[in-house]
Each structure stands twice: as structure tokens, then as C-alpha cells.
Amino acid sequence: MARRLHRTPRRVWQAPLVRTRRLTASIAVGLAAVALAGCRTSPSVAAYVGDEQVTVAELQAAVDDRLADPAIAEAVGGQGTDYTRQVLTLLVREEVYAAAARQHDVEVTDAELDAFIEQALAGQDASALYAQAATQGYSAEDVRESARQQLLRRELGAATGDAAALDEAALRARYEEVRGSLEQLQLGYFVVPDQATADAALAQLTADPASYPAVAAQHPGDNTLPQLQPTTASEVSGPLAEGIAAAPAGTGFTQTLPQVPGVVVVFVGSRTTPTFEQVRPQLESEAASGIEEAGAAVVQEVSDDLSTKVNPRYGVLEDDVVQEADGGVVDLLEDTTGDTAGDTTAPAGG
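For the sequence shown, this note's numbering gives the first residue as 56, with consecutive numbering after it.
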């Protein structure tokens, strides 16, 4: 069975705290080495991401910047450890994506990012998107960084050789595979008391399809569509689906159903199939989604190699998210030789 083409363009705003759909803040992270010989346990560092750091000062500044927005401050209830962990998650993710981009020599320019967001908004007001993000504690820059990371996943996926899915030949092959489900219908139905009435109504509609509203108005009820409604073949299901699939444009059929008193009159006013060029944006979006999955796998590989360490003061990194440590027991940040520093009974201070 052909996979259904998702016709809704991918949204820029993705649910946060999911590995392949994440937001990060555009904060410049300090690159200075920790002045502790051979250890990674400095209380001034909130997280180590490979050779890079997210310092405590940078984390606090990122939290303060967001809370300066009254909408965000109200949404998260002010500064707290949960929100600090949320922001630290964003900063760590940004470092991971930056490392992946460097390793594979890919980038997303500001112009490319602006064009992508504009296309995704499809004429909608960007301020509404940012307002929605604020209710979850995310800034406009977080939204933009989420979009940037989405594009980076596409670039990374293409670097693995999966970009062929966006080739003209591949897109046209996909179109032929799904074109049947893309067919658009003008569909109507209503219920009449008996078969004779059904036959007469269907004959009238077949002779004059434009009369559908007037004919349907003679048979009002919960099972009546007063106007022909646009739909697609892939959206039609249920006991009437087979008859609808077989009915040519400008024709219909009658059918009895066990749960419906009377006879159902179904009429198909028109049938049209969009051209390849009309659905090309959706085909490209679907193909890009597959490439993004390949790119997400690349990001995960990079993340695993970086051996990210979070200052236990803030929690632990689990499934790409900084979370509160279970039971108050935490692991110290370790250096590459396995040595540790500091009191093993207390988290790093700051």
C-alpha cells in the first residue's frame, strides 16, 4: 500500500525536549580551558561538550535573557531549577550541533534560515509563532535555532548520500506512487426515507449537478451535507468509501446502511488530481523529512563521541535532556583518564 503523502508543510516550531526536534539559544559559549590540571570538575562550568564548555556565567545569562521577556517569565513561573535545566539543555544541544557541523563541514547561512522560516510560515504572522513558543519558555531566538538545526539535519543527511531522494527522478517516482491518494473530490450525501425518493434525487443531481444544495436542503438532518465538500481520496473511509472510489465525476449512488434509517444518496460532483508541480513542495518536504532522519543519526553519533558531562549541581544528561538526578545521588564529572576531583558526597558548587 502506498504511503500517504503528508500534505501539511513541516512546521518550524517543534516540541522541545525531543532529540531530533529541539530548540537552542544563540549564545556564544566561552572556549577557555578550565584552569584545573587534568580534571573536568570546575564549579564555574555548567557542562562540558567535548572540548567546549557552557560556563555557569553563560548559563545564568541565557536564563536571565529569556526571563526578561514577561511572557516567558509568566509561563515558567520565574527563575527555578527546572527552567535552568531546560535552558542548559538548549545550550548543550547547540554545542552538539555546532560540533557536528564542523566535523562534516556543513553550515546554514542566515539567508537560508530566513528563507526556510518564511516558507514554513506560509504567510502567517511570525509573532504568533513566537508568542506560542514563549508560553513554553522559549524565545524567538530559540525558535530560529530550532529551524537552523532542522536545516543542519538536512545538510548532514545529504552528506551521508541520502540527498538522492530530492532528485527530480525520485520526486516524480514518488508522485506516481501517491497520486491516487491525492485525488481531490467534491463530495455530498444526504439521507432520504425510501429507495424511490433516493432514485429520484440521484437522477436530478446527475442531470444538474449544480442543483445539489437545493436537493440536499429538502432532506435536512445530521447525516446531510448541505453543500458539496472538498476532500481527498485518501481521506474517504467507512462503508461508503468503495462506492465513492468507483463513482465518476458528476455521478453518484444510493446505499442502505444498518445504522442509518432510510437510504443514503451519495454524489461526487468533481474529481481532480493535482499536477506534479502543484504537489512538488509537499513531495520535497516528505523527502527532506527522510533526509533529516539520517542527519539526526549523524548528530547522535557526534553527541555520543563528545561524552558530554553536566555539572551535577544541575542534574544529569539523559536522552539528550538535562534532568534532575534521581534520589539525590550524582556522578562527579570525570576527566578523560578516569580521575575525579572534589568531594564525592556533594555536587559542584557555583
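Positions of the beta carbon are idealized from the N, C-alpha and C atoms, including for glycine.
From the DSSP output, which residues share a beta bridge with glutamate 347? What you label residue 347 is simply residue 292 of the sequence shown in a count that begins at 1. Glutamate 347 pairs with nothing; no bridge assigned.
Burial state of proline 264, where buried means 16 or more other Cβ atoms lie within 10 Å: Taking the sequence shown and counting its residues from 1, one reaches residue 264 at position 209. Buried: at least 16 other Cβ atoms inside 10 Å.
Cβ pair count under 8 Å reaching 3, the stretch 317-331 against the stretch 237-254: yes
Reduced DSSP category for serine 182 - H, G, I as helix; E, B as strand; rest coil: In the sequence shown, the residue the question calls residue 182 occupies position 127. Here serine 182 sits in helix by DSSP.
Which stretch, first to last residue, makes up the alpha helix (DSSP H) that contains alanine 166? Within the sequence shown, numbered from 1, the residue matching residue 166 stands at position 111. 165-176 is the span of the alpha helix (DSSP H), which, as asked, contains alanine 166.
Leaving aside the five residues before and after valine 371 along the sequence, list all residues of the same chain whose C-beta is less than 7 Å from its C-beta, in chain order. Taking the first residue of the sequence shown as position 1, residue 371 is located at position 316. Val365, Gln378, Ala380 and Val385, listed in sequence order.
Would you give the residue range spanned by the beta strand (DSSP E) that proline 316 belongs to? Looking up residue 316 in the sequence shown gives position 261. First-last of the beta strand (DSSP E) with proline 316: 315-327.
Quick check: valine 104 and leucine 361, are their CB atoms within less than 8 Å of each other? Looking up residue 104 in the sequence shown gives position 49. Looking up residue 361 in the sequence shown gives position 306. Taking 8 Å as the Cβ cut-off, valine 104 and leucine 361 qualify as a contacting pair.
Output the residue ranges of the alpha helix (DSSP H) runs that lie fully inside the stretch 191-256 and measure 4 residues or longer, sorted by chain position. 195-214 and 223-237
Could you compute how far the alpha carbon of glycine 276 sits from the alpha carbon of arginine 140? Counted from its first residue, the sequence shown places residue 276 at position 221. Counted from its first residue, the sequence shown places residue 140 at position 85. Cα to Cα, the separation comes out at about 55 Å.
How is the beta strand (DSSP E) around threonine 279 delimited, first residue to last? Locating residue 279 in the sequence shown gives position 224, where the first residue counts as 1. Neither: threonine 279 is in no beta strand (DSSP E) and is coded neither H nor E.
Tell me the DSSP secondary structure of proline 298 in three-state form. Walking along the sequence shown from the start, residue 298 turns up at place 243. Per the sequence shown, residue 298 should be read as glycine rather than proline. Three-state DSSP puts glycine 298 in a helix.
Is the stretch 189-196 in contact with the stretch 121-130, if contact means three or more CB pairs nearer than 8 Å? yes
My output table needs one value for proline 411: the three-state DSSP class, helix, strand or coil. Only positions 56 to 405 of the chain appear in this structure, which leaves residue 411 out of reach.
Give me the Cβ distance between threonine 110 and alanine 117, rounded to the nearest whole Å; I'm assuming they're in contact under 8 Å. Position 55 of the sequence shown, counting from 1, holds the residue named residue 110. Position 62 of the sequence shown, counting from 1, holds the residue named residue 117. Going by Cβ atoms, the distance from threonine 110 to alanine 117 rounds to 10 Å, so no, they are not a contact pair.
Cβ separation of leucine 206 and valine 163, assumed to be a contact under 8 Å, to the nearest whole Å: Locating residue 206 in the sequence shown gives position 151, where the first residue counts as 1. Locating residue 163 in the sequence shown gives position 108, where the first residue counts as 1. About 4 Å; that satisfies the 8 Å criterion.
Run through the DSSP bridge pairs and tell me what glutamine 378 is partnered with. Counted from its first residue, the sequence shown places residue 378 at position 323. Glutamine 378 is bridged to Val371.
Just to check my reading of the structure: valine 315 and alanine 155 have Cβ atoms closer than 8 Å, yes? What is that Cβ distance to the nearest angstrom? Here the question's residue 315 lines up with position 260 in the sequence shown. Here the question's residue 155 lines up with position 100 in the sequence shown. That pair is no contact at about 57 Å.
Counting beta carbon pairs with one atom in the stretch 249-265 and one in the stretch 303-318, are three or more of them shorter than 8 Å? yes
With DSSP run on the structure shown, which of helix, strand or coil describes valine 89? Sequence index remark: in the sequence shown, residue 89 carries index 34 (1-based). Caution is warranted here: a pLDDT of 28 is assigned to valine 89, below 50, making its placement in the model unreliable, and the coordinate value is therefore given only provisionally. Residue state, collapsed to three classes: coil.
Name the one or two DSSP bridge partners that alanine 308 has. Counted from its first residue, the sequence shown places residue 308 at position 253. A quick correction: the sequence has phenylalanine, not alanine, at residue 308. Bridge partners of phenylalanine 308: Val321.
Burial state of alanine 342, where buried means 16 or more other Cβ atoms lie within 10 Å: Position 287 of the sequence shown, counting from 1, holds the residue named residue 342. It counts as buried.
Look up glutamine 337 in the DSSP assignment and say whether it is helix, strand or coil. Locating residue 337 in the sequence shown gives position 282, counting from the first residue. Of the three classes helix, strand and coil, the one that applies to glutamine 337 here is helix, per DSSP.
From Pro313, Glu150 and Gln115, residue whose alpha carbon lies closest to that of glutamine 204: Start at 1 with the first residue of the sequence shown, and residue 204 comes out as number 149. Comparing Cα-Cα distances from glutamine 204 to each of Pro313, Glu150 and Gln115, the minimum goes to Glu150.
Check for me: the alpha helix (DSSP H) holding threonine 136 runs from which residue to which? On the sequence shown, residue 136 is found 81 positions in, with the first residue counted as 1. Residues 136-159.
Out of Gly293, Thr144 and Leu295, which has the shortest C-alpha to C-alpha gap to leucine 114? Counted from its first residue, the sequence shown places residue 114 at position 59. For the residues Gly293, Thr144 and Leu295, the minimum Cα distance to leucine 114 belongs to Thr144.
What's the C-alpha gap between glutamine 134 and arginine 148? Start at 1 with the first residue of the sequence shown, and residue 134 comes out as number 79. Start at 1 with the first residue of the sequence shown, and residue 148 comes out as number 93. Glutamine 134 and arginine 148: Cα-Cα distance of roughly 21 Å.
Which one of Gly243, Ser201 and His274 has the shortest CA to CA distance from aspartate 249? The residue you call residue 249 lines up with position 194 of the sequence shown. Of the candidates Gly243, Ser201 and His274, the one whose C-alpha sits nearest the C-alpha of aspartate 249 is His274.
Relative to the alpha-carbon of glycine 293, which residue among Leu312, Ile172, Ser344 and Ala228 has its alpha-carbon at the smallest distance? For the purposes of this step, residue 293 is taken as residue 238 along the sequence shown, with counting starting at 1. Among Leu312, Ile172, Ser344 and Ala228, the Cα nearest to that of glycine 293 belongs to Leu312.
Specify, as a first and last residue, the run of the beta strand (DSSP E) that glutamine 115 falls within. Residue 115 sits at position 60 when you count from the first residue of the sequence shown. Element bounds for glutamine 115: not the beta strand (DSSP E) but the alpha helix (DSSP H), 111-122.
Since proline 268 contacts proline 281 with CB under 8 Å, what's their CB separation in whole angstroms? Residue mapping note: residue 268 aligns to position 213 of the sequence shown, counting from 1. Residue mapping note: residue 281 aligns to position 226 of the sequence shown, counting from 1. With 8 Å as the limit, proline 268 and proline 281 qualify as a contact, their Cβ atoms being about 6 Å apart.
Which partner residues does glutamate 284 have in the DSSP bridge list? Position 229 of the sequence shown, counted from the first residue, corresponds to residue 284. The identity of residue 284 in the sequence shown is glutamine, whereas the question assumes glutamate. DSSP lists Leu242 as partners of glutamine 284.
So, using beta-carbon positions, are valine 320 and alanine 256 closer together than 8 Å? Numbered from 1 along the sequence shown, position 265 holds the residue referred to as residue 320. Numbered from 1 along the sequence shown, position 201 holds the residue referred to as residue 256. Yes, Cβ-Cβ distance for valine 320 and alanine 256 is below 8 Å.
Which value, in whole angstroms, describes the spacing of the CA atoms of glutamate 373 and arginine 199? Looking up residue 373 in the sequence shown gives position 318. Looking up residue 199 in the sequence shown gives position 144. Approximately 24 Å between the Cα atoms of the pair.
To the nearest whole angstrom, what separates the beta carbons of leucine 338 and arginine 234, a pair I think is in contact under 8 Å? Reading the sequence shown from its first residue, position 283 is the one you call residue 338. Reading the sequence shown from its first residue, position 179 is the one you call residue 234. That pair is no contact at about 11 Å.
Just the C-alpha distance for glutamate 290 and proline 303, rounded to the nearest angstrom, thanks. By 1-based counting over the sequence shown, the position of residue 290 is 235. By 1-based counting over the sequence shown, the position of residue 303 is 248. Between glutamate 290 and proline 303, the C-alpha separation is close to 17 Å.
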